[in-house]
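First up is the structure itself, then whatever we jot down about it.
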Amino acid sequence: MISFFVKHLSTYLITLIGILLLTFLLLHVLPGGPFDAERALPAEIKTQLYQKYGLHEKGNDSFLVWVLKDLKSYTLYLAHGELGPSLKYKDRDVGKIILKAMGPSLQLGFAALILSLILGIILGLIMVGTQNAWLGKTISWFNTLGLSTPSFITGITLILIFSIFLRWLPPALWEGWRFFILPALTLSLGPVAMMAELTAASLKEELKKDYLRTALAKGLTPKKIIAKHALKNAAFPMLTFIGPLAAHFITGSFIVETMFAIPGLGRHFVASVIDRDMFLVMGLTLTFAVILMTMNFLVDVGYGFLDPRVKKR
Amino acid sequence: MDMVSLVEPCTAMCFKTSRIFTLLATGIVLVSCASSKTKNENALHLTLATEPPTLDWNLANDNVSHQVINQIMEGLAEYDENMNPVPAIAETWDVSKDGLVYTFHLKKNHAWTDGKPVTANDFRDSWLRLLAPKTASEYAYFLYDIVGAREFNTGQILDAEKVGIKTVDDHTLLVTLTQPIVYFPHLTTFMVTYPIRVDVVDRYGPKWTEPRNIVTCGPYQLTEWWHEYRLSLRKNPSYAGLPKPFVDEIIFNIVPDPSTALTLYDQAMIDVAVLPPMAIGHYKNSPDFVHHSRLRNTYFGFNITKPPFDNVFFRRALSQSLDKSQIPSILNGKEIPIKSWIPSNLPTASPEAGLGFNPDLASLDLEKSKVDLSQPIELYFNSDPTNKKLAEWAQNQWKQNLGLNVELINQDWKSYLSLLHNDAPGLFRLGWGADYPDADSFMNVFLSYSGNNFTQWKNKTFDALVIQARGEANVEKRKNIYTQAEKMLLDEEAIIIPLYQHTQNMVVKKKWQPYPTSSLDAVYLKRVRAIHELPLHEPLNP
């Protein structure tokens, strides 16, 4: 078990450093700096700004020297346990910006994840078990729709129906649980469809296996056979999908958060690059990478619980 | 037994679960309908397009921060409805005969939200903080016309006493300029020059702008700042200025998408929404529609060091072959086509300057230029749907009227700025908005030494005229000087092609009309009134 942890953690750490270095490098390759604005700043003021944040203008330095100088400043921030200051949101620390924005993203992401899992598995089971061809086709059609519709179309459609025509739910903002519903549905429609398809496909595959016949012959009830054996073994592909899905949900969605005016993390992913807010981009990359790796790690651990053979390996 | 039939009982269970879900959803919807929140009737609900980057007015450099700061703070002067500077914290001001020394006499009853009086020293502290190199304010150059200011900002002088900002007593501020500037009172209306309490800044450090720490002196005070989501302001009971604010509470929700803001407006969840161009057609006949011009222009500029744009005849040909009257129907934003550079709503505008649409003269100039037309020219712009439409329109116009082939090249905003600063392309699109409502704010862009002049055009006569106009108090004389300068810039040399003046199009709930507007986007919300409720509250001008 310890070697399992050490092996995974060391791989993750190396990957993380690689991702951060690559992002840092790309940020320097990108033309335009954080203090470039429509109103050109006098050179002396620009220099003061770079100095204030411990950054450097390229000047006559070679590209490598320039990147290394900035990298040194960044590692100093990290060494102090900070993610650095935001270059756009003056006087605000990147760590605090991320923590603050993560709250709404987590709430929304968690709701969307639960919705995707429950609805996805239910629909998958119905697809496999129903004798009603019409129902099966309808679910398949819904899945195709869910998978092929981009979230901004889903969001607009839901707002149109539930906010504008029916006036049941608010079209945007983040004032309480009523405000969760439309963004959570928008965010989860695609994953519900994906989960339903995965459940149906893996379950169909699993049902072909002989051990289920044996279980039936031994007198186990169909409910027990499906819930305890077939579904458990069919959960492997679903589990693989859940890792990145959870990371995607937790870190928010640019489109859904912008459309519903939710103060989440997703909006920052795009805006920070546009603003060349270097420390914020780095902080977000770090956050996303760590969350994704944690989720993948949990999925790996989950495999062990689902299948003791994996644990032994 | 078919193994698939094993799933049937589970499917039945799923149907049951689905029914529970359906019931739950119905319940949610019913409760939602019943629990619609009631709005505070005397609260104004507005939106901001982004999170304000800062509420530290010495550091702020953007419109969003400006919209909030303007409500919680006040400066020496503010604008009246006609964009003239009128006293705010200053009671009066006078200027010396040589135009170099401004003396501001402050009102004695203005106080900070913690009860301390606003003094001349608070202004001096603020201006020196704005100029201090360690503040690294992007707007420090705003005060460069004050004696010693630039030197203090660049660290050439360290003694603040050598900067021309002095206090005579608690209520008198003396400012000495390096050259006469007739529009100097305009500068004192801008947020970066508002007074500051350095003791508060020092005590709380970077957190001094949080609601629990901030000390302000405007008509409203900050009560809540939920970063990235909402800012709430409440009427400042100790505000001594006029008019007294009418609205009890102002709530700014951060809504980045204009379409979302419009949906919120239609659902009566907010009171004012800025219209995206696509929506103007739908709302333009509504009684809610409010429209006004802004002090912001868009132009095509030439880098005159790059062939074929180094040829004045070629530049004139390009300038005269655009039928700008088509722009409003192309961009749909109620744009005002322009041929001169200074906006017509400024008193020193010279509408006679600039080249109009004349395809015949354009063809003649093109012939004279002897430019090789076999190679297409390139038009650069920053990626944006409106800019793309504008560039495609120009491409079509030049093809139609001159037979020119134009290639369009776009880049993201920061990359584009970097390109302009390092190696401006021969033909580029750019916008310019005024910091203060004076012709100088537009004309100084093309001074030889201006960092915003990407055309590489350096003309000493033009520079001298613009500098001369700064100190000319007589409006007619000033206008003549600007006319001369504009004719050089636009007619003789055709350094830029002014295209259109921007407008602000919005919808405002009837209750709050007439809503105060500003060509500089500097709205004072203390002037907002709910007309039909007025008799129940205080009069407009107490």
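These protein sequences, in sequence, are chains A and B.
First residue of the first sequence: 1, per this note's numbering; consecutive thereafter.
First residue of the second sequence: 1001, per this note's numbering; consecutive thereafter.
Think of the CB as a built atom: it goes at the ideal place given N, C-alpha and C, for glycine as much as any other residue.
Is it buried or exposed, residue i, if we count other Cβ atoms within 10 angstroms and call 16 or more buried?
i, result
"Gln1375 of chain B", "exposed"
"Arg1203 of chain B", "exposed"
"Ser1448 of chain B", "exposed"
"Arg1212 of chain B", "exposed"
"Leu165 of chain A", "A small fix is needed here, since residue 165 of chain A is Phe in this sequence, not Leu. By the 10 Å Cβ count, Phe165 of chain A comes out exposed."
"Gly59 of chain A", "exposed"
"Ala1088 of chain B", "buried"
"Trp174 of chain A", "buried"
"Ser1321 of chain B", "buried"
"Leu117 of chain A", "buried"
"Asn132 of chain A", "exposed"
"Ile1327 of chain B", "buried"
"Asn1597 of chain B", "The structure shown does not extend to residue 1597 of chain B, since chain B is modelled only from 1001 through 1542, so no value can be given for it."
"Tyr1283 of chain B", "buried"
"Pro1514 of chain B", "exposed"
"Ala1473 of chain B", "exposed"
Compare the C-beta of residue i with all C-beta atoms of chain B and state if any pair is closer than 8 Å.
i, result
"Trp174 of chain A", "yes"
"Tyr77 of chain A", "no"
"Pro42 of chain A", "yes"
"Met259 of chain A", "yes"
"Leu49 of chain A", "yes"
"Lys52 of chain A", "yes"
"Ile45 of chain A", "yes"
"Pro171 of chain A", "yes"
"Asp61 of chain A", "no"
"Arg39 of chain A", "yes"
Determine, for residue i, whether the minimum Cβ-Cβ distance to residues of chain A falls below 8 Å.
i, result
"Lys1116 of chain B", "no"
"Asp1389 of chain B", "It should be noted that the sequence gives Lys, not Asp, for residue 1389 of chain B. Closer than 8 Å: no."
"Ile1254 of chain B", "yes"
"Pro1243 of chain B", "no"
"Lys1324 of chain B", "no"
"Leu1143 of chain B", "no"
"Ser1126 of chain B", "no"
"Trp1226 of chain B", "yes"
Looking at residue j and residue i, is the spacing between their C-beta atoms short of 8 Å?
i, j, result
"Glu1493 of chain B", "Pro1425 of chain B", "no"
"Leu207 of chain A", "Thr154 of chain A", "no"
"Val1475 of chain B", "Asn1444 of chain B", "no"
"Thr1483 of chain B", "Ser1344 of chain B", "no"
"Leu9 of chain A", "Ala289 of chain A", "no"
"Trp1398 of chain B", "Leu1404 of chain B", "yes"
"Ile1497 of chain B", "Phe1300 of chain B", "yes"
"Ile45 of chain A", "Tyr1141 of chain B", "yes"
Look up residue i in the DSSP assignment and say whether it is helix, strand or coil.
i, result
"Ser73 of chain A", "helix"
"Asp1094 of chain B", "strand"
"Ile1531 of chain B", "helix"
"His1282 of chain B", "helix"
"Thr149 of chain A", "coil"
"Lys1162 of chain B", "helix"
"Met295 of chain A", "helix"
"Pro1287 of chain B", "coil"
"Trp177 of chain A", "coil"
"Asp1202 of chain B", "helix"
"Pro170 of chain A", "coil"
"Asp91 of chain A", "coil"
"Arg213 of chain A", "helix"
"Tyr1194 of chain B", "coil"
"Ser1259 of chain B", "helix"
"Met962 of chain B", "Residue numbering for chain B in the displayed model covers 1001 to 1542; residue 962 of chain B lies beyond these limits and cannot be assessed."
"Arg276 of chain A", "coil"
"Cys1033 of chain B", "The predicted position of Cys1033 of chain B is uncertain, since its pLDDT is 47 and thus under 50; no value can be drawn from it."
Does any heavy atom of the ligand FMN sit closer than 7 Å to the C-beta of residue i?
i, result
"Ala1060 of chain B", "Ligands are entirely absent from the displayed structure, and the ligand FMN is therefore not among its contents."
Just checking, does the region 1356-1374 of chain B make contact with the region 1308-1315 of chain B on the three C-beta pairs under 8 Å criterion? yes
Counting beta carbon pairs with one atom in the region 1236-1246 of chain B and one in the region 1210-1225 of chain B, are three or more of them shorter than 8 Å? yes
Which residues of the region 87-121 of chain A have a Cβ closer than 9 Å to any Cβ of chain C? Give them in chain order. Looking at the structure shown, chain C is missing, and the protein chains on hand are A and B.
Could you tell me whether the region 1049-1063 of chain B touches the region 1251-1267 of chain B, where touching means 3 or more Cβ pairs closer than 8 Å? yes
Do three or more CB pairs link the region 1057-1076 of chain B to the region 1155-1169 of chain B at distances below 8 Å? no
Taking contact to mean 3 or more Cβ pairs, one atom from each stretch, closer than 8 Å, check whether the region 1054-1063 of chain B and the region 1186-1196 of chain B are in contact. yes
Are at least three pairs of beta-carbons, each pair with one atom in the region 272-282 of chain A and one in the region 251-258 of chain A, less than 8 Å apart? no
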